[in-house]
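*Asks:*
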Amino acid sequence: MPRSKSSKKWLDEHFADRFVQASQQDGYRSRAAYKLLALNEKDHFLKPDMNVVDLGAAPGGWTQVVSDLLKEQGKIFALDRLPMDHFPGVTVLEGDFTEQNVLDQLLDALAGEQIDVVLSDMAPNMSGQKSMDQIRSMHLVELALDFAVQTLKPGGVFVTKVFQGAGFEAWLQTVRNHFATVKSRKPEASRARSAETYIVAQGFK
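Position in the sequence shown (from 1) plus 28 gives the number in my numbering.
Here you go:
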């Protein structure tokens, strides 16, 4: 079946993207790696000997960055509903984070360990219906925040992708209630036309 014009345009733009090209040269699994690298360069929240959870991890760009920065110290738990190739020393779980049994599997894997950093690059499959997509997106970040509050140690860090729209301001106020500092970031690798932004919340109370 021939590709549609919009599909061909997206592919042409994708492979011309300098971050896509850089990820191929640098050996990263996805261009998203450069988003996390930029966030960490600004806010310095990833260090060796940490316990880190990566939600929405596939294909593994963020997990790869975390693994490099932790220098094989600490523990990394990566979860996605899509299959993901394993990394040495990383606990990889496959399942839908919105399902209770999958959350229970992740909590079992943590085995009571308190977490230093919770990362979430989760996003719903977009339907094209803006209001519905926003509701589904906010549901994911609400679940991610609940998980962070449940598992972070005092002083811990929560970093998540979020789309601004209905429900965002109320959710952001809840984040501020739980963390000492909350910053909004737009990494260079985040496409300008994308409504995504990243929240870096540090100093879990």
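Think of the CB as a built atom: it goes at the ideal place given N, C-alpha and C, for glycine as much as any other residue. In this text the structure is predicted, and so the values were computed from the model without any measurement.
1. Is the beta carbon of residue 73 sitting closer than 8 Å to the one on residue 145?
2. According to the Cβ coordinates, are residue 79 and residue 102 closer than 8 Å?
3. Would the region 211-219 count as touching the region 92-107 if we require 3 or more Cβ pairs under 8 Å?
4. Could you please give me the residues that DSSP links to residue 210 through a beta bridge?
5. From the DSSP output, in three-state form, read off residue 205 for me.
6. Does the distance from the CB of residue 188 to the CB of residue 169 come in under 8 Å?
7. Could you compute how far the alpha carbon of residue 233 sits from the alpha carbon of residue 114?
8. Pick from 83, 177, 207 and 205: whose alpha carbon is nearest that of residue 134?
9. With burial defined as no fewer than 16 other Cβ atoms inside 10 Å of the residue's Cβ, what is the status of residue 110: buried or exposed?
*Replies:* Put simply:
1. Taking the sequence shown and counting its residues from 1, the one referred to as residue 73 is at position 45. Taking the sequence shown and counting its residues from 1, the one referred to as residue 145 is at position 117. In contact: residue 73 and residue 145 (Cβ atoms closer than 8 Å).
2. For the purposes of this step, residue 79 is identified with residue 51 of the sequence shown, where counting begins at 1. For the purposes of this step, residue 102 is identified with residue 74 of the sequence shown, where counting begins at 1. Judged by beta-carbon spacing, residue 102 lies within the 8 Å limit of residue 79, meaning their Cβ atoms are closer than that value.
3. With contact defined as three or more Cβ pairs closer than 8 Å, the region 211-219 and the region 92-107 are not in contact.
4. Indexing the sequence shown from 1 puts residue 210 at position 182. Looking at the DSSP assignment, residue 210 forms a beta bridge with 229.
5. Within the sequence shown, residue 205 is the residue found at index 177, counting from 1. Assignment of residue 205 by DSSP, reduced to helix, strand and coil, places it in the helix class.
6. If you number the sequence shown from 1, residue 188 lands on position 160. If you number the sequence shown from 1, residue 169 lands on position 141. It is a contact, given that the beta carbons lie within the stated cut-off.
7. Reading the sequence shown from its first residue, position 205 is the one you call residue 233. Reading the sequence shown from its first residue, position 86 is the one you call residue 114. If I take the Cα positions, the gap works out to 33 Å.
8. By 1-based counting over the sequence shown, the position of residue 134 is 106. With distances taken between Cα atoms, residue 134 lies closest to 83.
9. Residue 110 sits at position 82 when you count from the first residue of the sequence shown. By the neighbour-count rule (16 or more Cβ atoms within 10 Å), residue 110 is not buried but exposed.
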